[in-house]
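Chains as they are written, first to last, in the working numbering: chain A, 1 to 368; chain B, 369 to 777. Ideal Cβ positions, reconstructed from N, Cα and C, are used throughout, including at glycine. Note that the structure is a prediction, hence the values are computed from the model and not measured. This report concerns only the one structure given below.
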Amino acid sequence: MNKASDGRIGWRELITMLILVNVMVGTDMTPVFLFKLGKNATWIFPLIWGVIMIIPLLALSSLLRLYGDKGLIEIIYHLTGKYLGFILGSGLSLIVFNLLIRMSSNYIQETTEIFLDSTPDIEVYLLLVGAAYFIAKYGFETIGRICSLLFPYIVVSFVILIILARMDFIYDFLYPLEGPGIMKIIKSSVVNLPLAMEFILIATFFPFIKNHRHYRRGVWGGLVVSMITLSLILTIYIIMFDYNQLEVISHPFNLLIRVTGISRFFMNFDAFFFAFWLMMVIIRFAFYLYLNSALFAYVLRIKEFEPLLLPFATLTIIIGLPIENPVKNIQVFKYNLLWNNVWWFIIALPLLLWIIAYLKGEFSNEKG
Amino acid sequence: MRKVKLLLLILSLTLLTGCFDKVELEDLAYVVVIGIDKGADNGFEVTYQIGNPQVGSSDRVQAEEPASEIITMNVPDLATVRDLANVSVSREVTYAHLKAIITGEELTRSKESLTLLDAVLRDQAIKQDVMLIVSKEKASEFIRGNKHELETRPHKHYEFMSRRWEETGLVPNSTLLKFFPRILGDAGLFLSTYATTKKSKTHYGYEDEYLAGQVKKEGGNSMQMIGAAVLKEGRMIGTLNGEEVKITLLLRPNTVRSSMLASYADPLAKDKRIAASWSKTEPTKIKMDLSTDIPKVDVVVPIKMEILSIASGIDYVEDLKKQKLLKEAIARSLEQKSMKVVKKTQQEFKGDPFQWYLIARKQFWTLAEYKKYNWMKKYPTAEVRVKYDIEFTNFGRQLKPFNKEYIKD
């Protein structure tokens, strides 16, 4: 297995990276806001995201095959020209930067609020973003390697969590099946589609992936696995706590790991899961930090983007730190321009690119 | 680059050592039981039972210390009491090993009862598997009166008791995890463990027809825990005795009990009892018809039974006809008792403690329809039919009873 590294990753790294980064959404405060919309049918949301994602992903996939060695931003520039390309690219870049800041502040506040009461936010911020920076600094391949290394352990800890929590499950909490009604479920899940936007954005790194076959395998496999896992996590919350309570509590994941324990000998078992959770937080930070720097560099056509990691890490801390509390954070994050319009942007962008490519006749060029 | 590395090294020294949240085990006071009563001026009277980790450990040097310390304070709300406790407790109070929350009956019956638990849900340190107990007297008196001499350490006492309850079914398995969905769902009654340390008028009944304090018993701990306090919308509205709790648990859809002991009237010999141990290993089958305004509920409870003793000496074992007779008699008596409990909940409590609302939820497609149906309002008018499906699985080590006449001869 000691192949010389060429800076490119295979489908194994890609699939684990996508799963770890995406599934994290289920363990922070996001589900609380989803449960307000979806009630006891929230578990359907990820499945709907998965289905909707198919169309833009297909479009994107055919574009990537067409252009071989180009990433998402390069394709945007190539197809839409200098000015429109810049607008679209910087749009994506801003969305990711916004997400990075909101997300980091959210995780850090969750950590300090629940586990490390008296530790100042800045310490945790420095530690976690610092660790993420170090991982990101070694490049995309390293992030992928770390993901594929950690993945089995995280799966095992997740399975242990399910086994320990299983005793208290009441499956009847899933009924009535439609919850707030089919239309409402579809509507609110589509609006929250950006929670799965990693699958589109990963196309930015297409030049770092071995070839199109690896990309296809990684993205489709990752989409299926992580949407099902996410759905499973939401289902566990529902059958454990019922939707009424989920609308009131703030950290369902934390509550879940606190009820588990191994008989009467290991009553406080949450620290075990906390360790794995922290690792995943760092991976998610690293991924987004890298993505953000890469998008920024590609949009501005900077050749080397790795020197940008440190400034962006610093910027994340500086902007994220003054945010007062996680609720305010998510409320602002939810109702601002950079989030409310993301869902259609995410769907429309690949389709738009594909249509432009089609009209320009790029597909027929390939054949001919 | 070297400078950067040096800087990072120094940074990691301050960051990674993690001294901010360092706590020595010695510095903490572990609250094992919290008792809450009504206090003066809309406040609460909070009682802490703080465990002493030194007692019962191998470190026997200062074994003369008591196993726990009990303090009671008057406070305006539950959250601030932790700091106030330090007026006399020398360590930082922590809820990490909290086992039980005990509320006095007076408080539980009052309006404040629900708002009080808001503080409990908000508190990060309280785990959801904490037991809820309602004490007949004031909680502070209960905690002081509960003298568990064989398990000197309080956490062990509550832990062991709760594990036994899960098997005997004389008290409901009432934890915060079960409490919040029930109360927030506003669909059913919550049963909380009922306990007392005061003796009330004792009477003689069959093994489970008691409420806490009514069991005649000599010696041992004066505490008695049997029966349940019935909570509707977070407020206590009545009690169920041990037998009624047992039946309630049987009628619930998901409960599984490994073995409970009970005795039944002998169908052929008056005044004689037949003792049996029974278990419920399968979920209760509940069918519901909610098409009309009067809900129809059909319940079939599968029970596996083991005969332990036959006082009358009649052969119910090898004679299959008599076996059938016994089966029917036991089923009938259980059905009658169940119907009595159902009537009681319909007329007296006007709410359903059987978690049938879970089954009712299954009958609808959307939440809006289910909420519109309003199970809480409809339940008191429901037509309920209960059937017991009994299987004799075992007759102990002895098949036929002795022939007493023959021995006497």
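Just to confirm the assignment, what range does the beta strand (DSSP E) spanning V667 (chain B) have? K664 to I678
I want to verify the contact list: residues of chain B whose CB lies under 9 Å from the CB of V342 (chain A), in sequence order. Simply none; closest approach about 28 Å.
N-terminal and C-terminal residue of the beta strand (DSSP E) that E759 (chain B) is part of: E751 to N762
Alpha-carbon spacing of N340 (chain A) relative to K600 (chain B), whole angstroms: 41 Å
Whose CA, out of A:V155, A:W11, A:V21 and A:V225, lies closest to the CA of Y288 (chain A)? A:V21
Going along chain A, which residues have a C-beta under 8 Å from Q496 (chain B)? L255, R258 and V259
Range of the contiguous beta strand (DSSP E) that encloses L559 (chain B): F558 to T564
Quick test of your reading: F35 (chain A) and L246 (chain A), contact by CB under 8 Å. State the CB separation rounded to the nearest angstrom. 4 Å
Taking CB distances under 8 Å as the criterion, tell me whether S118 (chain A) reaches chain B. yes
Alpha carbon of R145 (chain A) to alpha carbon of F86 (chain A), nearest angstrom: 32 Å
Chain-order list of residues whose beta-carbon lies under 7 Å from that of R512 (chain B) (same chain, five-residue window excluded): I438
Any 3 or more C-beta pairs closer than 8 Å across the region 579-595 of chain B and the region 552-566 of chain B: yes
Using the Cβ count rule (16 or more neighbours within 10 Å means buried), how would you classify C147 (chain A)? buried
Tell me the DSSP secondary structure of G368 (chain A) in three-state form. Bear in mind that a pLDDT of 43 at G368 (chain A), under 50, signals an unreliable position, so the model cannot answer this.
Report the option in B:K585, B:S508 and B:D634 whose CA atom is closest to the CA atom of T415 (chain B). B:S508
Out of B:P721, B:T649 and B:G472, state which residue places its alpha-carbon closest to the alpha-carbon of L608 (chain B). B:P721
Under the DSSP definition of a beta bridge, which residues are partnered with A630 (chain B)? B:A644
Going by DSSP in three states, K406 (chain B) sits in which element: helix, strand or coil? strand
Between B:Q714, B:K755 and B:N454, which has its C-alpha nearest G606 (chain B)'s C-alpha? B:Q714
Looking at the C-beta of D172 (chain A), does it have a partner C-beta in chain B at a distance below 8 Å? yes
Decide if W354 (chain A) is buried, meaning its Cβ has at least 16 other Cβ atoms within 10 Å, or exposed. buried
For A397 (chain B) and T536 (chain B), the rounded distance between their alpha carbons: 33 Å
Could you list which residues in chain B have their beta carbon closer than 8 Å to that of Y175 (chain A), in chain order? L726, R729, K730 and F732
Let's test the definition: count the other Cβ atoms within 10 Å of the Cβ of I494 (chain B) and tell me whether it reaches 16, buried, or not, exposed. buried
Going along the region 16-40 of chain A in order, which residues come within less than 9 Å of chain B, judged by CB to CB distance? K39 and N40
Between the CA atoms of A679 (chain B) and Y153 (chain A) - distance to the nearest angstrom: 59 Å
Against chain B, which members of the region 236-249 of chain A pass a CB distance test of less than 9 Å? M240, F241, D242, Y243, N244, Q245, E247, V248 and I249
Report yes or no: do three or more beta-carbon pairs, one from the region 107-118 of chain A and one from the region 313-330 of chain A, lie closer than 8 Å? yes
At least 3 beta-carbon pairs within less than 8 Å: the region 74-93 of chain A vs the region 234-251 of chain A: no
In chain B, what lies closer than 9 Å to D6 (chain A) by C-beta? Those do not exist, as D6 (chain A) stays about 25 Å from chain B at its closest Cβ, beyond 9 Å.
Step through the CB atoms of chain B and report whether any lies within less than 8 Å of the CB of D168 (chain A). yes
Counting only C-beta atoms, is E123 (chain A) closer than 8 Å to chain B at any point? yes
So which of B:E611, B:Q723, B:M529 and B:K640 has the shortest CA-CA distance to Q704 (chain B)? B:E611
Excluding five sequence neighbours on each side, which residues of the same chain lie with their C-beta closer than 7 Å to the C-beta of G719 (chain B)? G556, L557, K600, T713, M744 and Y747
Could you check where the alpha helix (DSSP H) with Y463 (chain B) kicks off and where it finishes? Premise fails: Y463 (chain B) is in no alpha helix (DSSP H) and is neither H nor E.
Does the structure place the region 284-303 of chain A close enough to the region 53-69 of chain A that three or more beta carbon pairs sit under 8 Å? no
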